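Structure, as structure tokens:
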Amino acid sequence: MAKSKNNIKKSIITINPFHYIHSLSKSSTNSSPKSLIFTPRKVSSASRNHQSLCSLSNLYLYFLFALTFFTLFEASNVTSFKPITDHYSIPLPCSSSSSTSSSPYSISFSSSRSTLMVSSNEKNEDNTVRLSSSVVVPLPAHGVPSNSNVTEEEREFWKQPNGGGYKPCLEFSIDYRRLSKDIVKEKTRFLVVVASGGLNQQRNQIVDAVVLARILKASLVIPILKVNLIWGDESEFSDIFDVEHFKRTLQADVRVVSSLPSTHIIARQLPEAKIPHGVSPFWIRSRFFKQLNEEGVLVLKGLDSKLSKNLLPDLQKLRCKVAFHALKFAAPILELGNRLARRMWIEGPYVAVHLRLEKDVWIRTGCRTGLGSKFDDIIVKERESRPEFLTGRLNISATQRRLAGLCPLNAHEVARLLKGLGAPRSALVYSAGGEPFGGKLALKPLTTEFPNLMTKEMLAREGELSPFMNRSSALAAIDYIVSLSSDVFLASHGGNMGSAMQGHRAYVGHRKYVKPNKRKMIPYFDQETSIPNSYEEFSGIMRYLHKGLQGQPLSRNNKRGRDVIAYPVPECMCRR
1 MAKSKNNIKK SIITINPFHY IHSLSKSSTN SSPKSLIFTP RKVSSASRNH
51 QSLCSLSNLY LYFLFALTFF TLFEASNVTS FKPITDHYSI PLPCSSSSST
101 SSSPYSISFS SSRSTLMVSS NEKNEDNTVR LSSSVVVPLP AHGVPSNSNV
151 TEEEREFWKQ PNGGGYKPCL EFSIDYRRLS KDIVKEKTRF LVVVASGGLN
201 QQRNQIVDAV VLARILKASL VIPILKVNLI WGDESEFSDI FDVEHFKRTL
251 QADVRVVSSL PSTHIIARQL PEAKIPHGVS PFWIRSRFFK QLNEEGVLVL
301 KGLDSKLSKN LLPDLQKLRC KVAFHALKFA APILELGNRL ARRMWIEGPY
351 VAVHLRLEKD VWIRTGCRTG LGSKFDDIIV KERESRPEFL TGRLNISATQ
401 RRLAGLCPLN AHEVARLLKG LGAPRSALVY SAGGEPFGGK LALKPLTTEF
451 PNLMTKEMLA REGELSPFMN RSSALAAIDY IVSLSSDVFL ASHGGNMGSA
501 MQGHRAYVGH RKYVKPNKRK MIPYFDQETS IPNSYEEFSG IMRYLHKGLQ
551 GQPLSRNNKR GRDVIAYPVP ECMCRR
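389 is the number that UniProt numbering gives to position 389 of the sequence shown; each next residue is one higher, with no gaps.
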């Protein structure tokens, strides 16, 4: 990193979520209806007619908004519910204020502290953080380089998707809000969820835990993170996530408590509930509601992705609210993650690659490492001794798994894909993920093609990572933060982080996300198959195969089994 921090000027960058009510308040404080109609400036007849038309339009919108507000206010007196969420909307037409003047966000960079700071002036009367200010905001994208030496392929690589006009819209129905009145006051039924796996697997289970508490009309005890047997991580929820932020963000949806009250202490070990895949809210209520009423406590384990992906819109929105707003990382993790992200960002645009090269990944997938027979033999022996770890299809060979797109891309394949998509050799690359099996040898093909490759260990200064050593979840969270602010993200094997990053990047501004089309691209990587005659031909094929798979917000409509966290359109994002 050649640039000095002392040469970096402080800057303020504003992000506008087009908050409708905020736009109204800004307009109302700057001008009255009278001043909108009578202006002392000399203007042309055409301009005067346009201003009058705009003024009447704005007055009409003010009247319409006031009528809607008082209608809802009367309804709230009858049903005793409070609006629980904000929504994003386009600003008023004919507005003379710039889009940046009404932003509830401000992101400031301090050269002395090297941290990213997100602040907001928006709070509800009950001191809860508004949704528009609780979302995790990444550093702004750099945009396409203007250097004349940049090739057309490189410009295309750094170009961000337009997003098709989709913006976050978590508007809950009146029925949902009405039911919230009693659900958030529940003090007799408690749901305890034990989340297992790695960080992003646990995140998914926490999201479903909130939804289940809502379905069962129970208070949610802060989820318990099961000790990870592979990495030996004993972190608790509060070590990874901001507990108070979690409670505040969800206090209008479910009641969240830190622990069971003394009246509900579990005296015996409850058996693990057998939950099939894809269960519906009706199944959950039929299976557990009676037990919950009788015993007051329900403990659920083994919840991993068991809840149906196809829920009613309100519950899908709740999933997004938990994933993108409530699950904020704990302050020490967030501070260091932001610091490392800024060290990457300040050097220019960068691509984050989530490499799935850890030893356990090769064991679970049943794939070859690409490092030679010596390393492959080690994996085969461990797989044979622990066959329960194999999650891939058992009836096909390693070669067939690879051709079917079921294997992680190794470092050589990732390097070829990046080059084929137009990434320049000088590109900054952030490698996210655990220690690769094979160490530096496993990363050598990637560092050879992209020498400016960095990891969190390389970015961190002496002692910065010390508090998080032997805590895989915290280290994965740091990778998540740095990856979220990258201009381009690529996952070598999909998985939970890849899915979460895909949806999160769309939700916060349509950041480019490359989803490798492994089934179609792998044959072009093998020597025994026909290889394109030139790099230009190979690059053209790679760009063609990934057209439409580089950041556009894909919808769940055509594939109902998709997870709304990875595909937030149309339940959590809509056109305004």
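All C-beta atoms in this analysis are idealised placements derived from N, C-alpha and C, irrespective of residue type, glycine included. Quick caveat, the model's predicted, so the values are computed rather than measured.
Distance check between VAL243 and each of LEU465, ARG576, LYS419 and VAL221 places VAL221 closest, using alpha-carbon atoms only. A straight-line Cα-Cα distance of about 16 Å links GLY278 and LEU300. The straight-line gap separating the alpha-carbon atoms of ARG560 and GLU464 is approximately 43 Å.
One Cα belongs to GLY366, the other to ALA398, and the distance between them is close to 6 Å.
In the DSSP annotation of this structure, HIS354 is not part of any alpha helix (DSSP H); the continuous beta strand (DSSP E) holding it starts and ends at 350-354. Here the stretch 165-179 lies against the stretch 566-575, with 3 or more beta-carbon pairs under 8 Å apart.
Secondary structure of LYS159 (DSSP, three-state): coil. Going by C-alpha positions, ARG155 is about 51 Å away from LYS274. Distance from the CA atom of MET344 to the CA atom of GLU457, rounded to whole angstroms, is 13 Å.
Non-local C-beta neighbours of PRO313 in its own chain, meaning closer than 6 Å and more than five positions away in sequence, comprise GLU571, ordered along the chain. Judged by DSSP in its simplified three-state form, PRO451 adopts coil rather than helix or strand. Look at SER499 here: in three-state DSSP terms it is helix.
By the Cβ-count criterion, ARG471 is buried, with 16 or more other Cβ atoms from all chains shown falling within 10 Å of its own Cβ. Under DSSP, the beta-bridge partners assigned to PHE241 are PHE329. In the DSSP secondary-structure assignment, LEU315 is not bridged to any residue.
Between the stretch 370-383 and the stretch 503-512 there are fewer than three C-beta pairs closer than 8 Å, too few to call the two in contact.
In this structure, DSSP gives TYR166 an extended state, which the three-state scheme calls strand. One alpha carbon belongs to GLY433, the other to LYS520, and they sit about 25 Å apart. Distances from the CA of LEU225 to each of ASN452, ILE396 and ASP304 were compared; the closest alpha carbon is that of ASP304.
Under the three-state reduction of DSSP, PHE288 is assigned to helix. In this structure, DSSP gives ARG543 a helical state, which the three-state scheme calls helix.
The beta carbon of VAL488 lies closer than 6 Å to those of VAL351 and LYS512 in the same chain, with the five residues before and after it left out. Cβ contact annotation for ALA442 (same chain, cutoff 7 Å, sequence separation greater than five): LEU357, LEU371, ALA411 and PRO436, in chain order. Residue pairing of ARG575 in beta bridges, as defined by DSSP: TYR166. LEU418 and HIS493 do not touch by the CB rule: their CB atoms are close to 15 Å apart, not below 8 Å. Assigned with DSSP and collapsed to three states, VAL256 falls in strand.
Bounds of the beta strand (DSSP E) holding VAL192 are 190-195. Per DSSP, the continuous alpha helix (DSSP H) segment holding VAL211 begins and ends at 199-216. Taken atom to atom, the span from the alpha-carbon of ARG402 to that of GLU186 is near 50 Å.
Contact between LEU212 and LEU307 holds: their C-beta atoms lie close to 7 Å from each other, under 8 Å. The residue from ASP563, PRO516 and VAL257 with its alpha-carbon nearest to that of ILE541 is PRO516. Under DSSP, VAL144 shares a beta bridge with no residue. Taken atom to atom, the span from the alpha-carbon of ASN200 to that of MET469 is near 18 Å.
Under the three-state reduction of DSSP output, SER431 falls in the strand class. Counting C-beta atoms within 10 angstroms of its own C-beta, GLU413 has 16 or more neighbours from the protein chains shown and is therefore classed as buried.
Contact between LEU298 and ARG214 fails: their C-beta atoms lie close to 14 Å from each other, not under 8 Å.
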